[in-house]
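Asker: Quick note: the sequence shown uses my numbering, first residue 368, plus one each step. For glycine and all other residues, C-beta sits at the position ideal for the given N, C-alpha and C.
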Amino acid sequence: MDTPMQLHNTLTGRKEAFVPLDPQRVTMYVCGPTVYSYAHIGNARPAVVFDVLARVLRRRYPQVVYVRNITDIDDKINAAAVKEGVEIGVIAQRYEKIYLEDMAALGVQPTDFAPRVTEHLPTIIAMIQRLIDSGHAYEAKGHVMFHTLSFDGYGKLSKRDEQALMAGARVEVAPYKKHAGDFVLWKPSTDEQPGWDSPWGRGRPGWHIECSAMAEALLGETIDIHGGGIDLVFPHHENEIAQSTCSHGGKTFARYWLHNGFLNVDSQKMSKSVGNVLLVHELLKSLPGEAMRLVLLTGHYRQPIDWTDEVIGEARKKLDRLYGALRDLGDVAPAAGVTAPEAFISALEDDLNTPMALAELFELARRANKADDAAEKAQLKAQMLDAGLLLGLLQQAPEDWFSWSPAVDGERPGAEEIEALLAQRADARANKQWAESDRIRDELKARGVLVEDSKDGQRWRYL
């Protein structure tokens, strides 16, 4: 730990040494999902990226408190509830459960806290009241607005001047605003809409104040790392900084701001109008979650990545190579006390350079395939498994990886039928019935099963 981690801070626009406020308690907040529908693959990228960062931090520091919120008060949730004729909690609970299950399928570990907005209304109301009392917010026609001109630092995160801020915010022109860029902290609810009592009448919080309040409640007034997608820099994170700084008497809200890049599909931005929105829940029916995770880690987190059939195919082949190396190590026990090599750790601690870390992991697999010495095999296996643990990869048995099959598939045979056919093929080969052996192999391939002959016998995997 002599050399500090390096993280790219969006606020300063450069890579910096990461020095936590308290090395005994590192704090990280990442904006989570609004649970009104299924998450798309772009939503999964920050979940995977910051899951890896949390793993790396936990290897280095004795305590890491990682918070990713659940937004369960939102107009889109309201609309979905009205459409189904149910309470908003029914919608929110349903899609929160699905989100967590889908992320788990991608190897995302549970966070330390997953606060819901509905659980933090008193904190939100108290924060809004402090902003009013300190002159940074005002009440107008049942709304409470944050007055952006009261905060000199507004725009520093997104590096926009006022004209650009107004254009980027798509601000609502309202006669009760003191300034066009002022944004909502609290808004009134009609009798038909969900609402909560407050000093300003029955209503509900604005989106931005929710994260500020939950971060304060669970992590304190100043946190080490705040993360999210690049699309949240403005206005969401810009507004969080303004609210939190002003409600905490000018204290720094977050010391390091990290943002992952966009995910495109076949070189196009995902959009409903184009019809290329890929839902994780649906993708998992036809793709292994681990392959999807690998795609999300193949590019550097700050760069855009392009989701294509070819990229997914490559990810599956790469995992075949890695699991193949582990399978060839067979019953070799991993060497005790051996962890991932220094070059691998250094790559991850250099602004989470997952492409370089993956290159180091594949080098370990290459060496494992060539190793003859038992001690070397044991060391390489331990290094591969530990490196995989930090990336959230290689955590299942090789046999499970190679026997994965789509959830909905009436064509592919099950493992029991495959093993029975392979037993017949083994008999045919033993009796030098090569045509029959080839027929069984070709039949299995036609049904989506690849058979490989190795020095250890027949192996198979789904295509």
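(1) Within 10 angstroms of the Cβ of Arg683, are there 16 or more other Cβ atoms? Answer buried if so, exposed if not.
(2) Identify every residue that forms a DSSP beta bridge with Arg828.
(3) Pull the bridge partners of His510 from the DSSP assignment, please.
(4) Tell me whether Ala414 is buried or exposed, calling it buried when 16 or more other Cβ atoms sit within 10 Å of its Cβ.
(5) Have a look at Ser638 and Ser525 and give me their C-alpha separation to the nearest angstrom.
(6) Rounding to the nearest angstrom, what Cα-Cα distance links Glu559 and Ile455 in this structure?
(7) Three Cβ pairs or more, each shorter than 8 Å: is that satisfied between the region 383-398 and the region 458-473?
(8) Would you mind giving the Cβ-Cβ distance between Leu689 and Leu664, rounded to the nearest angstrom? I have them listed as a contact below 8 Å.
(9) Please name the residue in Thr557, Gly697 and Pro671 whose C-alpha comes closest to that of Gly568.
(10) Within 10 angstroms of its Cβ, does Ser354 collect 16 or more other Cβ (buried), or is it exposed?
(11) For Gly680, count neighbouring Cβ atoms within 10 angstroms of its own Cβ and tell me buried if that reaches 16, exposed if not.
(12) Secondary structure at Trp771, three-state DSSP: helix, strand or coil?
(13) Does Arg381 come out as helix, strand or coil in the three-state DSSP assignment?
(14) For Ser517 and Leu378, what's the separation of their Cα atoms in angstroms?
(15) Please report how far the alpha carbon of Ala658 lies from the alpha carbon of Gln800, in whole angstroms.
(16) Confirm, please, whether the CB-CB distance from Leu719 to Leu833 is below 7 Å.
(17) For Ile626, write down the residues that DSSP places opposite it in a beta bridge.
(18) Please say whether Gln635 and Val644 have beta carbons closer to each other than 7 Å?
(19) Tell me, please, whether the region 729-741 touches the region 788-797 by the rule of three or more beta-carbon pairs shorter than 8 Å.
(20) Taking its Cβ as the centre, do 16 or more other Cβ atoms sit within 10 Å of Arg733, making it buried, or is it exposed?
(21) Given that a residue counts as buried once 16 or more other Cβ atoms are within 10 Å of its Cβ, and exposed if not, what is Lys382?
(22) Looking at Ala745: is its Cβ nearer than 7 Å to the Cβ of Ala714?
(23) Keeping to the same chain, check which residues put their C-beta closer than 7 Å to that of Val775; ignore five residues upstream and five downstream.
(24) In angstroms, rounded to a whole number, what distance separates the CA positions of Ala710 and Met372?
(25) If you count every other CB in all the chains shown that lies within 10 Å of the CB of Gly704, and 16 or more means buried, which is it?
(26) Under three-state DSSP, which class holds Gly666?
(27) Whole angstroms are fine: how far does the CA of Thr394 sit from the CA of Pro561?
(28) Can you tell which of Ile444, Leu756 and His510 has the C-alpha that lies nearest to the C-alpha of Thr706?
(29) Can you tell me which residues form a DSSP beta bridge with Asn376?
(30) Please report the residue range of the alpha helix (DSSP H) in which Asp740 lies.
(31) What residue range does the alpha helix (DSSP H) around Val678 cover?
(32) Kindly list the residues whose CB is nearer than 6 Å to the CB of Glu716, restricted to its own chain and excluding five residues on each side of it in sequence; keep chain order.
(33) So does the region 542-553 actually touch the region 398-413, counting three or more Cβ pairs closer than 8 Å?
(34) CA-CA distance, Trp768 and Phe629?
(35) So, at 8 Å on beta carbons, what are the nonlocal neighbours of His648 in its own chain, with the 5 sequence-adjacent residues on each side left out?
(36) Between the beta-carbon of Ala609 and the beta-carbon of Tyr521, is there less than 7 Å?
Answerer: Taking the geometry as given:
(1) Per the 10 Å Cβ criterion, buried.
(2) Leu817.
(3) Paired residue(s): Ala507.
(4) Label assigned to Ala414: buried.
(5) Approximately 24 Å between the Cα atoms of the pair.
(6) A direct Cα-Cα distance of roughly 12 Å separates Glu559 from Ile455.
(7) In this structure the region 383-398 does not lie against the region 458-473, because fewer than three pairs of beta carbons, one per stretch, are closer than 8 Å.
(8) The C-beta distance from Leu689 to Leu664 rounds to 13 Å, too long to meet the 8 Å contact threshold.
(9) For Gly568, the closest alpha carbon among the candidates Thr557, Gly697 and Pro671 is that of Thr557.
(10) Lying before the first or after the last residue shown, residue 354 is absent from the chain, which here runs from 368 to 830.
(11) With fewer than 16 neighbouring CB atoms inside 10 Å of its own CB, Gly680 falls in the exposed class.
(12) For Trp771, the three-state secondary structure derived from DSSP is coil.
(13) DSSP places Arg381 in strand when its eight states are reduced to three.
(14) Cα to Cα, the separation comes out at about 20 Å.
(15) Approximately 38 Å, taken between the alpha carbons.
(16) Since the first residue shown for the chain is 368 and the last is 830, residue 833 is missing from the structure and cannot be characterised.
(17) In the sequence under discussion, the amino acid at residue 626 is His, which differs from the Ile named in the question. His626 pairs with Gly595.
(18) Inclusion of Val644 and Gln635 in the CB contact set at 7 Å is not warranted, their separation being larger than that value.
(19) Counting Cβ pairs under 8 Å, fewer than three are found: no touch.
(20) Burial check for Arg733: the Cβ neighbour count within 10 Å stays below 16, so the residue is exposed.
(21) Lys382 should be labelled exposed.
(22) In this structure, Ala745 lies away from Ala714, with their beta-carbon atoms at least 7 Å apart.
(23) Confidence at Val775 is low in this model, with a pLDDT of 49, below 50, so its placement is unreliable and the value that follows should be read with caution. Closer than 7 Å at Cβ, skipping near neighbours: Lys652.
(24) Between the alpha carbons of Ala710 and Met372 lies a gap of roughly 13 Å.
(25) Around the beta carbon of Gly704, fewer than 16 other beta carbons sit within 10 angstroms, so the residue counts as exposed.
(26) If DSSP states are grouped into helix, strand and coil, Gly666 belongs with coil.
(27) For Pro561 and Thr394, the distance between alpha carbons rounds to 32 Å.
(28) Looking only at Ile444, Leu756 and His510, the smallest Cα-Cα distance to Thr706 is reached by Leu756.
(29) Paired residue(s): Arg381.
(30) Neither: Asp740 is in no alpha helix (DSSP H) and is coded neither H nor E.
(31) Looking at the DSSP string, the run of the alpha helix (DSSP H) that includes Val678 is Asp676 to Leu696.
(32) Only Met372 meet the Cβ criterion.
(33) Output reads no: the region 398-413 does not touch the region 542-553.
(34) One Cα belongs to Trp768, the other to Phe629, and the distance between them is close to 29 Å.
(35) Tyr405, Ala406, Ile465 and Asp469.
(36) In this structure, the beta-carbon distance from Ala609 to Tyr521 falls below 7 Å.
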